[in-house]
Amino acid sequence: MELKQLQYFVMVVQQSSFSEAAKKLHLTQPSLSKTIKNLEFEVGFQLLERTTKRVQLTESGNVVYERALKILHETDILQQEIKEVKWIGSGSVKIGMIESVKNWIPSILHAYRQEFPSMHVKLIEVLGRGDVERALRQYAVHVCLTNQFIEASDIATIPLYQEQLAVVMHPEHRLASKESITLADLEDEAFIVTSVGLQTRQDIFAAFAEEGVRMNICYEVERFETIVELVRMNIGISIIPQEYFAHEPDPTLVIKTTNSKTLTRTVYLTYLKKRYMPPAIEMLVGRMQMQHDSYVKWKEGGGLGE
């Protein structure tokens with residue numbers, strides 16, 4: 001059995017057609033059909049049901065198909081790692097990230113480029129926990145900066161630093177001029193929150209539940225960028241990481257922290273434990289882990305006064 005046979009078999013299944021699969025593979029249909037028949041002969045049973053309209057898996061063929069997908073995926077990973085082993089200071093590094101790291105990651109990348117000017121860096125937004133795990137395991141990213149705590153035996157999850165979650169409102173909001181606010185002050189306010197499945201939403205809900213304050217959720221969106229624009233239109237308030245905002249004042253927004261000790265979130269560095277990392281990428285990971293030292297000092301100093 002050859003990898004080529006499995007690749008052809010998988011393509012036929014995915015296209016549900018020999019003719020369409022042959023086009024994708026740049027083969028003649030008779031040549032493709034012969035390869036699949038040879039594969040069926042080798043395994044000793046029929047893999048595909050062939051009709052005039054479509055091609056579909058037999059029950060036994062489904063078992064081979066699922067296994068073939070895994071084999072081909074592992075082969076792709078092996079080929080990627082073989083390429084990466086050869087890297088010294090050139091190649092490509094892919095970093096999964098959340099929105100709020102935008103204000104500190106550029107300084108790390110700037111210093112990194114001075115040492116490895118030939119490295120190509122690709123930043124990919126990865127939000128939900130499932131997305132983080134898939135991106136790492138499918139080699140879509142080398143590392144991921146996330147606020148999701150990933151508890152998995154094959155993934156390292158290192159806390160980098162703590163983010164304060166801040167209340168964002170329009171300058172004309174009734175609370176904008178108030179010197180200090182509590183979660184109780186926000187009860188019944190029209191809230192804009194992130195979508196279901198995102199960790200920030202869960203962190204905020206947990207803080208409100210702990211203090212017994214009801215949230216009036218009026219809008220749900222996926223990105224902080226959209227939340228900020230809605231707040232600028234004065235249709236509601238929101239709570240997002242203070243780190244998301246640049247350090248320069250923004251006259252179109254009022255950003256306030258509260259006295260809540262639980263209205264925070266942790267940013268983690270995650271990566272596959274057994275994945276080979278070229279020296280150039282290890283260096284970048286090391287620079288990111290320096291943020292971990294700041295986090296440890298923050299915890300040792302009592303965090304937010306806990």
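Going by the working numbering, the residue at position 205 of the sequence shown is 205; the numbering climbs one at a time, nothing skipped. Glycine included, each C-beta is placed from N, C-alpha and C at the ideal position.
Report task. Look at the alpha carbon of R287 and the alpha carbon of F41, and state the distance between them as a whole number of angstroms. Result -> 54 Å
Query - Buried versus exposed, by CB contacts within 10 Å (16 or more), K256 - result: buried
Query - Where G305 falls, given that 16 or more other Cβ within 10 Å makes a residue buried - result: Any reading at G305 is ruled out, since the residue's pLDDT is 38, under 50, leaving its predicted position unreliable.
Query raised in the report: Closest to Y139 by CA distance: which of S16, L160, Y112, V93 is it?
Result: V93
Requested in this report: Label M1 either buried or exposed according to how many other C-beta atoms from any shown protein chain fall within 10 Å of its C-beta, with 16 as the threshold for buried.
Outcome: Per the 10 Å Cβ criterion, exposed.
Query - Closest Cα partner of T252 within the set T270, N259, E229 - result: Restricting attention to T270, N259, E229, the CA atom closest to the CA of T252 is found in E229.
**Report entry** Run of the beta strand (DSSP E) containing I237, from where it starts to where it stops
**Finding:** Where I237 is concerned, the enclosing beta strand (DSSP E) starts and stops at 237-241.
Query - Range covered by the beta strand (DSSP E) that runs through A184 - result: Where A184 is concerned, there is no enclosing beta strand (DSSP E), given that its DSSP letter is neither H nor E.
Requested in this report: Out of V167, E189, E187, D188, state which residue places its alpha-carbon closest to the alpha-carbon of E179.
Outcome: V167
Query raised in the report: Among A22, Y268, A135, L3, which one has its Cα closest to the Cα of R67?
Result: L3
Report task. May I ask you to list the residues that DSSP assigns as paired with F191? Result -> I217, I237
Requested in this report: For the beta strand (DSSP E) holding Q56, just list the boundary residues, first then last.
Outcome: 55-57
Report task. Identify every residue that forms a DSSP beta bridge with M97. Result -> E125
**Report entry** First and last residue of the uninterrupted alpha helix (DSSP H) at T226
**Finding:** 224-232
Query raised in the report: Can you tell me where the alpha helix (DSSP H) with Q164 in it begins and where it stops?
Result: No alpha helix (DSSP H) holds Q164; the beta strand (DSSP E) holding it covers 155-169.
Query raised in the report: When burial is assigned at 16 or more other CB atoms within 10 Å of the CB, is M307 buried or exposed?
Result: Any property of residue 307 remains undetermined from this structure, which presents the chain solely from 1 to 306.
**Report entry** Distance, R201 Cα to E225 Cα
**Finding:** Taken atom to atom, the span from the alpha-carbon of E225 to that of R201 is near 15 Å.
Query raised in the report: Quick one: what's I255 bridged to in DSSP?
Result: V168
Query - Distance, D131 Cα to S31 Cα - result: 39 Å
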